[in-house]
Amino acid sequence: MVKFQRFFTLITFLLVVVTIHAQIKIKELPSYDLTQTDPLFFDINETRSLLSLRNDWVIYSSDAPDKKVKVSVPSTFTGEESLTYERMIFLSEEKINNKSLTLNFLGINNTADILLNDLVIYKHPGGTQPFRINLPDDILLPNTDNKLTVKVQFAFDDFNTIPVLQRFLFPNSTGGITGDVFITETNKIFISDLRIKSIISPGLSSATLSIKSYIQNNKKKPIQNENVIQSTYKIIYKLVSATGTQVISKDLTHVENNELTESINEIIISAPLLWTPENPRSYQLDIELTRNDTLIDRTSKIVSLYKTELGNSRITINENEFVIKGTTYFYSENESGGLISFNKLEKDLRLIKETGFNTVRFAKVLPPAYALNICEKLGLFALVEIPLNSIPDQILANEDFSLRVTDYLNLIVDQFSGYSSVIGFGLGGGYIGESPSQIDFLTRQAKLLAGKTNRIVYASFVNLPSQKIEAIDLYGIELFSATELRLTQLSNTLQNFGGSVFISESTYPAFKGNSNGYLNNNSYEAAAKYFSDIIGFSEKNKINGFVINSFFDFKGTFKSFYAGYNEENKYVIGLLPDNEITDRISYKVVKSKLTNADKITIPIGTATDDSPILFVIIGLVLSVFMALLINSKRKFREDATRALIRPYNFFADIRDHRLLSGIQTNLLMFILAGSLALLVINVLYYLRTNILLEKILLSFGSDKLINGIIYLSWHPLNGFLILFGISVVSIFILTFVIKLFSFLLKNKVYFSSIYYSVIWALLPASLLLPLELVLYRVLSADLINLYLYIFVVLYLLW
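Going letter by letter, the sequence shown gives residues 239 to 1036 in this note's numbering.
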C-alpha cells in the first residue's frame, strides 16, 4: 500500500502544470493623416466630413482593467485571446441634433462586441471585412465624452470560427483593430447606400447603368398637429468621364421622416469607355440630393464598365478572350501580422502590375477595401474568397459550420460587390474532387453564392472533380512542386473535364536560396524553372490562366514542413522577399515571360546530394558495436538466437531468473535505442517537405506538436540525439508501467526481470541496421516507398 501511495504521489507531482502568462505585445502603424489619404475613397466633400478615430485609444485586459496602455489604431496584439479597446468621443449637442453619424470600421480580427456608453450596438461575427454602424441619437451624450468600447476576441477553433484553427500555409494573423476607425458626418437626410449594376449590349455599342439609391431620413417624425413645411427633393446623377459629363435627375415624391426611401434609375451610355487591365478607364458617378434646389448631400463612386462572359470553357472580357495572369498577395507592414499602410499597399500592388500580372488572388485572407480600390485604378482584377482551405469532411458536413460559411459569404458579397475590380468570389481552396461530402458542400454554397452575385463563382481543388459542379463557373487546380508526371496527368484530365479551369495556386518553396542551377531542388533557380514551366503549361493546354503563389515571402501561423524550416515561421515561396529587393531570378524570369521582354537564361547547374552522411556514420557505428557485442561471448550469441527464434523459452528463462549479463543488456539497450532513433529520423528527414504529413499534424491544432516534429525532421543530428534519449527513457517508462500493473498479481515480479524482458523484446530492431544505412537513399528514389513503409510497420509490429 505504501508503494501505491508513493507511486501516485509521484504521478500527481509530474502532472502539475504551471501556467505562465505571456507578455502582451502590441504593434501599430506609423503615424498618418487619414483625411488626406484619398478623399474620393472616403467620400469626403462639402456635404460630408470625416472624424478620424485613429488616436487616443487605450487597451487593456479584462483580467487587469486598471492597467491601460495608450495605443492608436490600426493595431494588433499577441499574448492574449481577448483585449478591450476604449476611446472617448466628444460630440456637441448641435452635431448630434443636426448630423447623421456613422461609425466605420475597416477591419477587426476576429470577433468583437462594440459598445457605446456601455450599451452593445453591434456584434461583429468575425472576419476582417469592413462594416459600418449608424449611431442612434438617443444613446449619444451631448456636450460631453461618449465612451466607445471594442471588446476584441481573437481565437480560432475547429467549428466555430472562419478561418478554422487548422490553417495550411496561411499568413500570420494577430488580433486587434486591423483597419481604420472613423465617423462619417452627413446631414440628417442623406444617401445611405448605392447598388449599381451594369449591362453592356452585344457589340459593346452601349451600356446601361441600373442605380438603386437609398435615401435615409433621420429626422424625427413630427408631433401630431404640428405644422410641417413641405419640401421638394430631387436626386441628380452626374456621370463624369474623359469624354464629357452625362446628367439626369429625378424628383422624389416621398422622403418621410425616420424612413428609408428607395430610388431606382437608369443611365444609358452610348459608345461606353470600357475598362480593361491594359487600359483601366473609369467613370466617376456623382449623386447629389437636393431639397428645394439646395444641395444637402453628395456621394461619389468610381464605376468601371466591362463585360464578363464565361462560355465554351473560356473567359472573355469585352468579347475578347481573357487569360488570368495572377499572383496571390499576402499583405503586411514589416511583418506586423495583418497591418499595412495605404502607401505600402499601393506600392506593392503597383509592383505586381509592373511585373505583368493582370489579376490578384486574395486567398486565405480578405483584402483591405482600399486594395480593391487601388486594383481598379491600376488595372488589376481581384479574386476574393472566403478564407477556407483543406477543411476535413466532418467539419464541412456540420450544419452549423455550413450556415456560418453562408453568412460569411453574404457579408463578403455585401461589402465587396461595390468594387468593379472584383471579377469573382471564391469558396476557398484545398478541396478534394473525389470527396462526396466536399462536393455536396460546394454545391450548396455555390448555389447560394450565385444567387447573390453576378460575378464569377470559383473554387480551388487539390484534384479536379470527376464532373462539373452546379453553379461553379471556374475550377482552380492547385500545384505544389508539380513534377512532369503530375503535369502530364493533369493535361490528360483537362481533355476530359469540360469545365473552365485555371491553375489557382502554383507553389514552389525556395528555402535553399541561390545555387548553381535549377537541378538543385528548392533553390531560386529551380523556382524560376518551375514557374516558367507552369506558364508554358497554361499556354500549351489553353486553360484560363494561372496564379503564382505568392508574390512575396510571408510569415505563417505555424512552422511549415513544405515551405522550409526557420525559426521565424517565414514561408520562402514568393517571387520576392519584399518590394525593396527585386533581384531574384524567379522574379526576373516570370516578369520577362509576362511582359515579353528579353529571355532570362536559367543555369542548369549540378545537382548536390542532400543525403546526410550522418545516417551512414551512425548506422555503421551501431552495426560495429552490435557485431562486437554478438561476438564478445558465445552465451550472448546463443541468447540472441533464442530471443529471435524461440522467444517463449528465452523469456521463460528471464522469468525464472536465469543468468543474463547486465552490462551486455545495457549495451544492447543503447544499440536498440539508437537503431529505433535512426529509423525514425531517416523517415522524418525524407518527409521533411511532405504536405500530407504537415496537414495531418495541423489537424491536431497544436503549435508544440508541429514545432517539435518539424524540428526533428529538419535537424537530423539533434533529432537523432533527442529520439535516442526518448527511446531510452521510453524503455524505463515502459518498465515502470509494467511494474505498476504487476502489483495486481499474486506472484512477485522483479524489476530486473521486467527491464531485461523489455530490452530483449526489442531485439528485432537491430536487424534493421543494414536497411537504415541506405534507407534515405531508397526513399529518395521513390520506387518502392509504399512497400517499404508496409514492411517496416509490419516488422515493428512483429
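Virtual Cβ for every residue (Gly too), placed ideally from N, Cα, C. None of these values were measured; they are calculated from a predicted model.
Test item: CB-CB of residue i and residue j under 9 Å
i, j, result
"T470", "R433", "no"
"G594", "V828", "yes"
"N347", "T412", "yes"
"S487", "I453", "no"
"L1017", "N869", "no"
"Y544", "I438", "yes"
"I540", "K615", "yes"
"S300", "P630", "no"
"A607", "I507", "no"
"F580", "D276", "yes"
"F853", "L916", "yes"
"I421", "T340", "yes"
"L665", "I710", "yes"
"A764", "L757", "yes"
"G441", "E324", "no"
"K582", "E526", "no"
"T285", "D535", "yes"
"T366", "L604", "yes"
"E716", "G667", "yes"
"S788", "F568", "yes"
"N336", "K385", "no"
6 Å Cβ shell around residue i - same chain, five flanking residues per side excluded
i, result
"S706", "Inspection of the sequence shows that residue 706 is occupied by Lys rather than by Ser. Result list for K706: G737, in chain order."
"V918", "L961"
"E584", "I612"
"F369", "F343"
"S849", "Y1014, R1015"
"G755", "E763, P841, I842, G843"
Environment of residue i [buried if 16+ CB atoms lie within 10 Å]
i, result
"N596", "buried"
"V435", "The sequence shown places Lys at residue 435, not Val. So K435 ends up on the exposed side."
"D271", "exposed"
"F328", "exposed"
"V485", "exposed"
"M1059", "The chain is shown only over 239 to 1036; residue 1059 falls outside these bounds and no answer can be derived."
"Q676", "buried"
"S542", "buried"
"A635", "exposed"
"T537", "buried"
"R872", "exposed"
"H259", "With a pLDDT of only 42 at H259, under the threshold of 50, the placement of this residue in the model should not be trusted; the figure read from the coordinates follows. It is exposed - the Cβ of H259 has fewer than 16 other Cβ atoms within 10 Å."
"T566", "buried"
"D894", "Because the pLDDT at D894 is just 49, under 50, the model does not fix this residue reliably, and the value given afterwards should be weighed accordingly. So D894 ends up on the exposed side."
"I901", "exposed"
"E818", "exposed"
"Y1027", "exposed"
"F989", "exposed"
Contacting residues, own chain, Cβ-Cβ under 8 Å from residue i (five flanking each side not counted)
i, result
"T795", "R405, F408, P409, N410, S411, N807"
"I781", "L732, V739, F740, I741"
Presumed contact (8 Å Cβ cut-off) between residue i and residue j, rounded CB distance
i, j, result
"T416", "G345", "4 Å"
"D396", "I633", "6 Å"
"S628", "K933", "6 Å"
"L626", "P401", "6 Å"
"S776", "E743", "With a Cβ gap of about 13 Å, S776 and E743 do not count as contacting."
"I555", "T514", "7 Å"
Counterpart residues of residue i in DSSP-defined beta bridges
i, result
"H953", "The partner list for H953 (beta bridge, DSSP) is empty, contrary to what the question assumes."
"H362", "A350"
"Y471", "L490, R529"
"T340", "N372, T422"
"N558", "I555"
"A697", "Y713"
"M907", "Its beta-bridge partners do not exist; DSSP assigns none."
"R286", "N283"
"N758", "DSSP output for N758 lists no bridge partner at all."
"E324", "V296, T387"
"L357", "L354"
"T691", "BP columns for T691 are empty, so no partner."
Own chain partners of residue i with C-beta closer than 7 Å, once the 5 adjacent residues on each side are dropped
i, result
"N779", "S729, L732"
"F958", "I856, A915, L916, I919"
"R822", "Y762, L813, L814"
"S313", "I264, K265, E266, G414, I415"
"P363", "T349, D645"
"R588", "L616"
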